[in-house]
Amino acid sequence: MRRECELVVIGAGPAGLRAATTAAQLGVDVAVVDQQPRPGGQIFRNAECARGAEAAVTDPAEKRDGADLIARFRSSRALHYPNATVCFASTDRELGVVDDSGSHIVRAQRIIVATGAMERPIPFPGWTLPGVMTLGAAQVLLKSSGAVPSGSVVLAGAGPLLPLVHRQYVELGIDIAEVLEIAPRASRLVQALPHLPAALLAGDFVRKGWQMERECRARGSSVQRGVRDLRGIGDQRLEAVEFTVGGRRHRAAASVLLVHFGLIPATRLLQAMGCQHTWNVRQQCWQPAADCWGNTSMQGVAVAGDCADIGGHVAAGYSGDLAALDAARALGRIDADSQQRRAAPLLRARSKAQRARPFAAALFAPPKRLIRELDDDTIVCRCEGTRAGQIRAAVADGCTGTNQVKAFTRCGMGRCQGRQCASVLAQIVAHASQQNEATVPRSRVRFPVAPITLEAVAAFRSDEEPPAQTLEPLGRASLPAR
Amino acid sequence: MDFKRLSSNGVPCVEIQIDGHRVRVPQDETVASAILLQRAGSEGGNKQDKLHDARSCCCDSASQSDASPSTAAFVPYCMMGVCFGCLAEIDGEPNRQGCMTQVRDGMVVRRRRHQQGRERK
Chain H
29 MRRECELVVI
39 GAGPAGLRAA
49 TTAAQLGVDV
59 AVVDQQPRPG
69 GQIFRNAECA
79 RGAEAAVTDP
89 AEKRDGADLI
99 ARFRSSRALH
109 YPNATVCFAS
119 TDRELGVVDD
129 SGSHIVRAQR
139 IIVATGAMER
149 PIPFPGWTLP
159 GVMTLGAAQV
169 LLKSSGAVPS
179 GSVVLAGAGP
189 LLPLVHRQYV
199 ELGIDIAEVL
209 EIAPRASRLV
219 QALPHLPAAL
229 LAGDFVRKGW
239 QMERECRARG
249 SSVQRGVRDL
259 RGIGDQRLEA
269 VEFTVGGRRH
279 RAAASVLLVH
289 FGLIPATRLL
299 QAMGCQHTWN
309 VRQQCWQPAA
319 DCWGNTSMQG
329 VAVAGDCADI
339 GGHVAAGYSG
349 DLAALDAARA
359 LGRIDADSQQ
369 RRAAPLLRAR
379 SKAQRARPFA
389 AALFAPPKRL
399 IRELDDDTIV
409 CRCEGTRAGQ
419 IRAAVADGCT
429 GTNQVKAFTR
439 CGMGRCQGRQ
449 CASVLAQIVA
459 HASQQNEATV
469 PRSRVRFPVA
479 PITLEAVAAF
489 RSDEEPPAQT
499 LEPLGRASLP
509 AR
Chain S
331 MDFKRLSSNG
341 VPCVEIQIDG
351 HRVRVPQDET
361 VASAILLQRA
371 GSEGGNKQDK
381 LHDARSCCCD
391 SASQSDASPS
401 TAAFVPYCMM
411 GVCFGCLAEI
421 DGEPNRQGCM
431 TQVRDGMVVR
441 RRRHQQGRER
451 K
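Top line first, the protein sequences correspond to chains H and S. Heads up: the first sequence runs through residues 29 to 510, numbered per our numbering. Heads up: the second sequence runs through residues 331 to 451, numbered per our numbering.
Here is the structure:
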């Protein structure tokens, strides 16, 4: 791996790939560091070698976008380091990266973080049972393994991904027992209506949504709206799903429950680096404070794509371009005038791509009561088993803020280090202490931001140190070659 | 967990071991999906050796049945590196995320085993 690079892009999804490709085209020396073995991120996962059936149910435009994006990246001069994890990052942009070939310190003049999004966690009773997974997980299984759920399948949650996946499964001949939408249609529409004109201007989004709904209903799938009190039932694994609709309690046999409540930015690396974040009220999530180029509060560090602001893959691509333009200007490849000229159409295109977002956010926002009315007994921290009641008790006992609550309840201390529960913890603490989420200090994230063995840590070598002897990474060297 | 492959036509396979059972999996899959998608009676396996048991995911059935409601979930939930529910021992290295690790010919995978006393995380 290179020791120095003008620009390092972290993440090989739509934003990262476009940032790298655009930067490379402008003559910038750029490398992409990505955890996955192949480029594409989540939405274009396995796009290079999509297999039969699942490729058939992917939107043709999306398929083409993914294939183009990756092909352009591959033929650019950008370097690609797959299976590589950024474990450390200093404020002067020294990255500690671990991959199959060892531990590497990479110095960058500019960094673009494009680490994408994660599923918004919303706990409910029974969500930790085997058989309950996210819709995102099901998409990964479909795209990477051509795998689909079998047995009695229930989809539940809120968000445009729900009808999309429903339609895909129906097209693949998978029986979906129930589709349970949390958001009640009527009140959500009223709240979303002010944003509808803008969304309609965005073109496809609304039309596609209505079309998908019609198609699914035509195939006789049962779609329930305004679902409340979702509960997974089972002893050792999921056996049934209970829910309330129209005041009546229902129970459906289920072997797989796929849930989705929207996406939130995955910003752990940025938080650990110390970037300023702002609370996005509409999206109900924290995101890095950034300007139109993606520049954060940290010198030389920019963000692009869903990790900056949930906006979908089209907007993410333009964000990548814009961040690359700014990096190219900062590195002297283009001047400020050229940057503005090239940026103008990109800014317009990105604006257009984002126009449907306020409407979608309002229409599909998970009701706040999902967190606020969480049963005390519901597990919040999957890793440590901390329940909502314990968090509330800690606040009642005087804990101020998420970090103190974490210290007293272990919520966020487990193997995922708070990835899965931080946002829920923050919302419960905010509500229990009668604060706005924006004023509750975020859980502290410290380096390393990914698990790393001691021998991998020891294997980092600084340029300044004279290489006294070669340190062979013990464990990896003795393993069969990859 | 009930998931099945639509087809593996045309994708070259590699042979890996899961808890001592040899299985063939498409070469571009992750360890987590390989474990999830194994079925009883899979190639090289024994119908009695239910490698994929409805109750076990990345844990063998012993550890899952000992899990009490108060302990946390050691099951794959997100398949993209967030939840850390897919940890397995891969080629001798414990606690590696199965969903972030591509299979490789000759790979040796062991699922989590319940330890005596308080469940280890």
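Backbone N, C-alpha and C define an ideal beta-carbon position, used for all residues, glycine too.
DSSP places R385/H in the uninterrupted alpha helix (DSSP H) bounded by R385 to F392. The beta-bridge partner set that DSSP reports for K334/S consists of V176/H.
L45/H places its beta carbon less than 7 Å from that of L97/H.
Between C416/S and chain H, the shortest Cβ-Cβ separation is not below 7 Å. In the structure shown, F271/H adopts extended strand secondary structure according to DSSP, grouped into three states. Under the rule that a run must span 4 or more residues, the alpha helix (DSSP H) segments found entirely inside the segment 76–120 of chain H read 80–84 and 88–103.
Taking 8 Å as the Cβ-Cβ cut-off, the segment 346–367 of chain S approaches chain H at P356, D358, E359, T360, S363, L366 and L367, given in chain order.
Chain order gives the chain S residues near G164/H as C408, M409 and M410, where near means a beta carbon separation below 8 Å. In the pairwise beta carbon analysis, the segment 445–460 of chain H is classified as touching the segment 413–427 of chain H: at least three pairs are separated by under 8 Å. Per DSSP, S379/H is not a residue of any beta strand (DSSP E); the alpha helix (DSSP H) it occupies stretches across A364 to Q382. No Cβ of chain H is located within less than 7 Å of the beta carbon of D435/S.
V284/H places its beta carbon 7 Å or farther from that of V273/H. C320/H is classed as exposed because its beta carbon has fewer than 16 other beta carbons within 10 Å across all chains shown.
Annotation for P149/H: no beta strand (DSSP E) segment contains it, and DSSP assigns it neither H nor E.
Boundaries of the alpha helix (DSSP H) harbouring P42/H: P42 to Q53, taken from the DSSP string. The Cβ atoms of P42/H and A344/H lie closer than 7 Å to each other. Secondary structure note for A450/H: its alpha helix (DSSP H) is the uninterrupted segment A450 to A460. The continuous stretches of alpha helix (DSSP H) do not include Q63/H, and DSSP gives it neither H nor E. Using a Cβ distance threshold of 7 Å, C416/S and A362/S count as a contacting pair. In the displayed model, W155/H falls within coil according to three-state DSSP, outside both helix and strand. Under the 8 Å Cβ criterion, the segment 337–353 of chain H does not count as touching the segment 420–429 of chain H, having fewer than three qualifying pairs. DSSP lists no bridge partner for V341/S. Residue contact check for R441/S against chain H: no CB pair falls below 7 Å. Within 10 angstroms of the beta-carbon of V433/H lie 16 or more other beta-carbons, which makes it buried. In the assembly as shown, S131/H is a buried residue. Its beta-carbon has 16 or more other beta-carbons within 10 Å. For the pair G436/S and I365/S, the Cα-to-Cα distance works out to about 15 Å. D404/H and C335/H have their C-alpha atoms roughly 31 Å apart.
Taking 7 Å as the CB threshold, L169/H lines the interface with chain S. Chain S places a beta carbon closer than 7 Å to that of M146/H, counting this residue as a contact. I202/H: not part of any beta strand (DSSP E); DSSP gives it neither H nor E. The beta carbon of G179/H falls within 7 Å of a beta carbon belonging to chain S, placing the residue at that interface. The alpha-carbon of S461/H is positioned some 16 Å away from that of F436/H. Take the alpha-carbon of A371/H and the one of R441/S: they are about 50 Å apart. Its chain contains V61, V125 and D127 as the residues whose beta carbon lies nearer than 6 Å to that of A112/H, once the 5 sequence neighbours on both sides are disregarded; these appear in chain order. Residue range G130 to V141 is occupied by the beta strand (DSSP E) that includes H132/H.
Secondary structure of C33/H (DSSP, three-state): strand.
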